[in-house]
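Reading through the structure tokens given below for one structure.
Protein chains: 2
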Amino acid sequence: MVGKSGRYSPKVTATLYTIYADCVRLLKGLGREQLNSLVPGKQYFAFTNGKKISRAINQSLYESDPEQWRTFSKAMARNDISQYSSETISKIIYSLAISFCASVDLTKEGDQKTPGTFFEYFISYLFSWRVGVEPRNWMQILSIDGEDTRLPTDCIFNLGPKKRKFHVPVKTSTRERSIMLWAHQRLLDGVYGTGRFMGTPVLLAETKTDTARREVIEICLPDQWRIYQLYVAKLTRIYYLDPPSAYQRLSCEFPPLVVKPFSDFFVEWVDLSPS
Amino acid sequence: MVGKSGRYSPKVTATLYTIYADCVRLLKGLGREQLNSLVPGKQYFAFTNGKKISRAINQSLYESDPEQWRTFSKAMARNDISQYSSETISKIIYSLAISFCASVDLTKEGDQKTPGTFFEYFISYLFSWRVGVEPRNWMQILSIDGEDTRLPTDCIFNLGPKKRKFHVPVKTSTRERSIMLWAHQRLLDGVYGTGRFMGTPVLLAETKTDTARREVIEICLPDQWRIYQLYVAKLTRIYYLDPPSAYQRLSCEFPPLVVKPFSDFFVEWVDLSPS
């Protein structure tokens, strides 16, 4: 079902290369400033443009190299990325995504929408490639009275009858809206049966920069997430490009809530089952 | 439990009068412009300040009269508002709330937070007065392992053992985040049992102004709301100061979802039961 057009296609691969190369060119001409990271074990910096400052960028994940992306995307096209470690894939994907976001931060005013839209397309491109089907953004809801209803949804990847179905909200961060991930899963569980769809949201990061102090924190609410996983719905995985460590520890708690780098999905997706 | 201090108190009543009078004074000195309302049966206008334009104001609900508020708040203090019709109460409450929001729209830049915070305090002031208890913003969640968790919540009004408990999210609008109202209700249903808390959110309006075209629409998703009410949780009421007509029609559909003017709560609150 994934072919010449659609989320994953040679045309989109080429466009992503062009965008990435443009962003890297733009950012190389700008200032770069170390941020004071209050996140244990992680260093962050930001690009600056006059008084403007970009979002925080994880230093150990950032390697601005469009050629590396081109090589990786060729391996994707051959359907053989076995020579890439999860760590390398993380860096390649993160660097492309954050370059675009930082470029928008520095060239537009208060534009949160463009980075969010780009990130959604980029993740669904990667997801489409991996699972081999196009996403859809609505589901039919049966009505016993009158006409069926179309429910707009996050990306849904349905691999076919009797096969896996993924429910994939994609966001650059969740902040105080994180309960929406579980609420939409609950809705699908209610309509189609618990576990019919595996909830595997993909998120960019949870960093927040205090621009005056040049400080970075991660906004995490692990206790609330545990309660959502217990009482609202069960998510199979929560993937991040820059996983917050406070969330990664949740896999050792009850209820199990597995937060991992998105690059792990490329390997483990065939083994996932609703938890 | 409601006394000299807290959400409802003579001090807050006096402060609300002062704020309202200040806002009315400010707005009287500014421009006023008729908007092109695409909402059937409703007329809207906006205040203007140079190039700035306030949110849309429902013409038939707006009577900027701080003295009317003073008289009404004296009736509240005597605990006798029986001489006020629901329509009059709607106007008094709406006019005070929207005057503050419009004043912030015209004097600050992109500040959504201050109107939201003010609206939450104002509604919980009225709610506290009516039900006679203070709200709280967190609940204890029992843990079978280790320590209990404190879950931050929207306003919870607990009238005491074996008495009514209200779960009251307060927002100036819901837009694409409306599922959060149901998700938080689902959480309380999960932890404390279905129907233990009655969900009665209070919202200001769902208008959206196209500032270039000077057009007002109401953003309503009634089909989605029906699905949330069926599959996520049951809300007992949804109150608005300016109720969107597309939502008011939902009470005649299945599942019943009763959207009403908030002023009705002052009369019907003793008869409400979880639906």
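Here the protein sequences come in this chain order: A and B. Per our numbering, residue 1 is the first one in the first sequence, and the count goes up by one each step. Per our numbering, residue 276 is the first one in the second sequence, and the count goes up by one each step. Even for Gly, the Cβ is constructed at its ideal location relative to N, Cα and C.
Shortest Cα-Cα distance from P274/A to any of N58/A, F197/A, I92/A and F45/A involves F197/A.
If you ignore the 5 residues before and after R136/A, its C-beta comes within less than 6 Å of the C-beta of I156, all in its own chain and listed in chain order. Neighbours of L151/A across chain B, judged by C-beta separation under 9 Å: D498, Q499 and I502. Annotation: P222/A is outside any beta strand (DSSP E); the continuous alpha helix (DSSP H) that includes it extends over P222 to Y231.
At least 7 Å separates the CB of R32/A from every CB of chain B.
Using a C-beta cut-off of 8 Å, the region 173-182 of chain A makes no contact with the region 470-489 of chain B, since fewer than three inter-stretch Cβ pairs fall below that distance. If you draw a straight line from the Cα of F266/A to the Cα of R130/A, it is about 7 Å long. Within the model, the alpha-carbon separation for P256/A versus A350/B is close to 54 Å. Proximity of I328/B to chain A, defined by a Cβ-Cβ separation below 7 Å, is not satisfied. The beta carbon of Y283/B sits closer than 6 Å to those of V277, Y400, S403 and W404, all from its chain and outside the five residues before and after it, given in chain order. Annotated three-state conformation of E268/A is helix, per DSSP. Distance between V379/B and T469/B, taken at the CA atoms: about 39 Å. A Cβ-Cβ separation of about 11 Å leaves Y515/B out of contact with V533/B under the 8 Å criterion.
When 9 Å is used as the limit between beta carbons, G190/A is near these residues of chain B: I502, L505, Y506 and V507, in chain order. Listed in chain order, the non-local C-beta contacts of A14/A below 7 Å within the same chain number zero, local neighbours out to five positions each way being set aside. Contact annotation: in the region 406-417 of chain B, residues whose CB is within less than 9 Å of a CB in chain A are I416.
Where I144/A is concerned, there is no enclosing alpha helix (DSSP H), because DSSP gives it neither an H nor an E. Residue burial annotation: K234/A is buried, with at least 16 other C-beta atoms found within 10 angstroms of its C-beta. Distance from the Cα of R524/B is smallest, within the candidate group L547/B, D498/B and F537/B, for D498/B. R450/B is outside the set of residues whose beta carbon lies under 7 Å from a beta carbon in chain A.
Chain order gives the chain A residues near R461/B as A183, R186, Y231 and V232, where near means a beta carbon separation below 8 Å. Neighbourhood of M198/A in chain B, by CB distance below 8 Å: empty, with the nearest CB roughly 18 Å away.
When 8 Å is used as the limit between beta carbons, I454/B is near these residues of chain A: M180, A183, H184 and L187, in chain order. Nearest in C-alpha terms to S37/A, of all of L188/A, S60/A and E147/A, is S60/A. Around the C-beta of L310/B, 16 or more other C-beta atoms lie within 10 Å, and the residue is accordingly described as buried.
Between F47/A and M414/B, the alpha-carbon positions lie close to 41 Å from each other. Residues Y295, C298, V299, L302 and S339 of the same chain have their beta carbon placed closer than 8 Å to that of S374/B, with the five preceding and five following residues left out of the count. Q34/A: member of the beta strand (DSSP E) spanning G31 to Q34, first to last residue. In the three-state reduction of the DSSP assignment, F402/B falls in the helix class, which pools H, G and I. If only uninterrupted beta strand (DSSP E) runs of at least 3 residues are considered, those enclosed by the region 457-490 of chain B are 482-485. Those residues of the region 239-261 of chain A placed with their C-beta closer than 7 Å to a C-beta in chain B are F254, ordered along the chain.
For the C-beta of D145/A, the chain B residues within less than 8 Å are, from N- to C-terminus, F529. Of the other Cβ atoms in all chains shown, fewer than 16 fall within 10 Å of the Cβ of K108/A; this residue is therefore exposed.
Cβ proximity to chain A below 9 Å picks out G385 from the region 375-394 of chain B. Taking 7 Å as the cut-off, the beta carbon of T475/B is found closer than this to the beta carbon of T511/B. Here the alpha carbons of Q387/B and K327/B stand approximately 15 Å from one another.
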